[in-house]
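Novice:
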Amino acid sequence: MSRHTLFVLWLAAGCTTAQTARPLPQGTQQVSFSFGGPIFEVPSSGGLTIPIPNMNLEYRRGIKPKLDVHMGTNLFTPIIGVLGLHGGATYGLLSQDGKRPALSVTDRLFLYSNHFDGRKEGVQALWPVNELELNVSWKHGDHLYYVNVVNNIDFLLPRLLLSPGVGADFKLGSWQLGPHLRWYAPYEDTTLAVLTYPAPGKRGAIGVGFTLSRRFGGQ
Numbered sequence: 001m002s003r004h005t006l007f008v009l010w011l012a013a014g015c016t017t018a019q020t021a022r023p024l025p026q027g028t029q030q031v032s033f034s035f036g037g038p039i040f041e042v043p044s045s046g047g048l049t050i051p052i053p054n055m056n057l058e059y060r061r062g063i064k065p066k067l068d069v070h071m072g073t074n075l076f077t078p079i080i081g082v083l084g085l086h087g088g089a090t091y092g093l094l095s096q097d098g099k100r101p102a103l104s105v106t107d108r109l110f111l112y113s114n115h116f117d118g119r120k121e122g123v124q125a126l127w128p129v130n131e132l133e134l135n136v137s138w139k140h141g142d143h144l145y146y147v148n149v150v151n152n153i154d155f156l157l158p159r160l161l162l163s164p165g166v167g168a169d170f171k172l173g174s175w176q177l178g179p180h181l182r183w184y185a186p187y188e189d190t191t192l193a194v195l196t197y198p199a200p201g202k203r204g205a206i207g208v209g210f211t212l213s214r215r216f217g218g219q
């Protein structure tokens, strides 16, 4: 698995998982479909920019008043011969109290493998990435707004990869619509990157995504 493939997988790991600004209420279940990713310039397109068409399907369940667990699979990476799975949990550290926002922490483990790809020869590898996320959120009516910062640790090439983000969850009956925006590693110079990421000062990559979720049971 090449270094560039690892970079693409790291970009695929974060932006389009279902956002977990707060844990689900105990007993509540949620199924989510997420789409989007880092914005890049399509080669030989005359400057056309689109988000990586990354897709994730995820299941969440609230198991305690302040704790939920989630698991999912990446629907995009099999196109490049890689199976992607992830699982994790969100814990509520502080509840919202008036103007004081809620605070939560999420940890996810992503596992990517090309062991099942028989279409080409090459080195088979298992690529683990841990994602630690700190969320600050405000609920206004039925809608939720949040800011967060994410740190991704690639166990094969360990380094600090901090990415700030903002987003919202709009309640539509039993459905949730969640747009989110992230700036991946805004301190990283991408001038020499294989792909062109149109970010301010050629630093990092800007990512956009949308999540559609359906909740069942619970409160």
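Residue 1 is where the sequence shown starts when you use the working numbering, and the numbers rise one by one after that. No residue lacks a Cβ here, since even glycine has one placed at the ideal position from N, Cα and C. Values in this document were obtained by computation on a predicted structure and should not be read as measured data.
1) Fully enclosed by the stretch 33 to 107, which beta strand (DSSP E) runs are 3 residues long or longer?
2) Assuming Thr211 is part of the beta strand (DSSP E), what are its boundary residues?
3) For a test of the three-state rule: what should DSSP assign to Pro25, helix, strand or coil?
4) Candidates Tyr197, Thr211, Arg203: which alpha carbon is nearest Val42's?
5) According to DSSP, what are the bridge partners of Ala168?
6) Give the single residue among Asp68, Arg214, Ile39 whose Cα lies nearest to the Cα of Asn54.
7) Leaving out five residues on either side along the sequence, give the residues of the same chain with a beta carbon under 7 Å from the beta carbon of Phe76.
8) Which word fits Ile50, buried or exposed, when buried means at least 16 other C-beta atoms lie within 10 angstroms of its C-beta?
9) Judging by CA-CA distance, which residue of Gly37, Lys99, Pro25, Gly27 is the nearest neighbour of Gly181?
10) For a quick check, are the C-beta atoms of Leu157 and Pro128 less than 8 Å apart?
11) Find the nearest neighbour of Ala205 within the set Gln29, Arg215, Val194, Leu172, judged by alpha-carbon distance.
12) Give the straight-line distance between the Cα atoms of Thr5 and Gly98, rounded to the nearest whole angstrom.
13) For Leu24 and Leu67, I'd like the C-alpha separation in whole angstroms.
Specialist: Taking the geometry as given:
1) 49 to 51, 55 to 64, 67 to 74, 83 to 94
2) 203 to 216
3) The answer is coil: DSSP assigns Pro25 none of H, G, I, E or B.
4) Tyr197
5) Tyr145
6) Nearest option by C-alpha distance: Ile39.
7) Ala12, Pro53, Asn54, Met55
8) exposed
9) Reading off the sequence shown, one finds Leu at residue 181, where the question assumed Gly. Taking only the C-alpha atoms, the option nearest Leu181 is Gly37.
10) no
11) Val194
12) No answer about Thr5 holds up, because its pLDDT of 48 lies below 50 and its placement is not dependable.
13) 7 Å
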